[in-house]
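Have a look at the structure below before the remarks.
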Amino acid sequence: MVKRTIWAVAAVFIAWSILDFILHGLLLRPTYEATANLWRPMNQMNMPLMSFVTLVFTTCFVLIYGFLVGHKSLISGIRFGALFGLATGISMGFGSYVYMPIPLTLAFGWFFGSWIEAIAAGAIAGAIIKS
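Take the sequence shown: its letters are residues 12 to 142, numbered as in the numbering used here.
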C-alpha cells in the first residue's frame, strides 16, 4: 500500500503539473495577460514554492483517497476526483471571483480546470491504489 501511495503521489503530481501548464500557461494565458495588473510578473513568481504547494496538495488528495475511500477502484477514484474537484473548483473559481476583480471567464476557467484536474487525479489514484 505504501509503494502504491508513493507512486500515486508521483503520478498525480506529474499529471497536475502538465495540466496546470496547459490550463494556465496556454489556455488561460490571454486572460492573464489582459489582467496583468492583478498578478506578479513571471520573474517574481516563486516556482519552487508553487511546486511545494502542488506536492502537498497532491499528497493530501492521494492520502484522503487512500484512507477514506472504502472500495478502491478506477470508478471510485473518478467519483472521488469529481466530487473533490467540484469542491475545489467552486472554491477556486467562483470563490475567488467573489472578492477579486477577475473576469468571469477566468472564474469559469479555474472552476473547470480544477474539476478536470481532480477527475484525472482520481482516475490515476484509483488505477494505482486498488482494493
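All C-beta atoms, glycine included, are put in the ideal place defined by N, C-alpha and C.
Next on the checklist: If we require 3 or more residues per run, which beta strand (DSSP E) segments fall completely within the stretch 49-79?
Outcome noted: The stretch 49-79 contains no whole beta strand (DSSP E) run of 3 or more residues.
Next on the checklist: Report the CB separation of Thr65 from Phe122 in whole angstroms; it is logged as a contact under 8 angstroms.
Outcome noted: Cβ atoms of Thr65 and Phe122 stay farther apart than 8 angstroms, at about 18 angstroms.
Item to check | Limits of the unbroken alpha helix (DSSP H) element including Ile130 | outcome: Per DSSP, Ile130 is one residue of the alpha helix (DSSP H) stretching across Leu115 to Ile139.
Item to check | Euclidean distance between Cα positions of Arg83 and Ser142 | outcome: Position check: residue 83 holds Lys in this sequence, whereas Arg was assumed. The straight-line gap from Cα to Cα measures roughly 5 angstroms.
Next on the checklist: Once DSSP output is grouped into helix, strand and coil, what is the label at Gly106?
Outcome noted: Gly106: helix per DSSP, three-state reduction.
Checklist entry - Whose C-beta lies closer than 6 angstroms to the C-beta of Gly96 among residues of the same chain, with five residues either side of it excluded? => result So the qualifying residues of the chain are Ser125, Trp126, Ala129 and Ile130.
Item to check | Proximity winner among Val73, Ile89, Ile75 and Gly120, relative to Arg40 (alpha-carbon distances) | outcome: Nearest to Arg40 by alpha-carbon distance, out of Val73, Ile89, Ile75 and Gly120, is Gly120.
Next on the checklist: Can you list, in chain order, the residues of its chain with a C-beta nearer than 6 angstroms to that of Leu163? Leave out the 5 residues immediately preceding and following it.
Outcome noted: In the structure as shown, the chain begins at 12 and stops at 142. Residue 163 is therefore absent and cannot be evaluated.
Checklist entry - Do Thr16 and Leu79 come within 9 angstroms of each other at the CB atom, strictly closer than that value? => result Not a contact, by the Cβ cut-off of 9 angstroms.
Checklist entry - Taking the C-alpha atoms as reference points, what is the distance between Thr70 and Leu115? => result Between the alpha carbons of Thr70 and Leu115 lies a gap of roughly 30 angstroms.
Item to check | Residue nearest to Ile140 in terms of C-alpha spacing, selected from Ile89, Leu117 and Leu60 | outcome: Checked all of Ile89, Leu117 and Leu60; the closest Cα to Ile140 is Ile89.
Next on the checklist: Can you give me the C-alpha to C-alpha distance between Asn48 and Ala22, rounded to a whole angstrom?
Outcome noted: Spanning the two alpha carbons is a distance of roughly 34 angstroms.
Next on the checklist: One question on the structure: do Ala132 and Trp27 come within less than 9 angstroms of each other, judged by their Cβ atoms?
Outcome noted: Yes; because the gap between Cβ atoms is below 9 angstroms, this pair is in contact.
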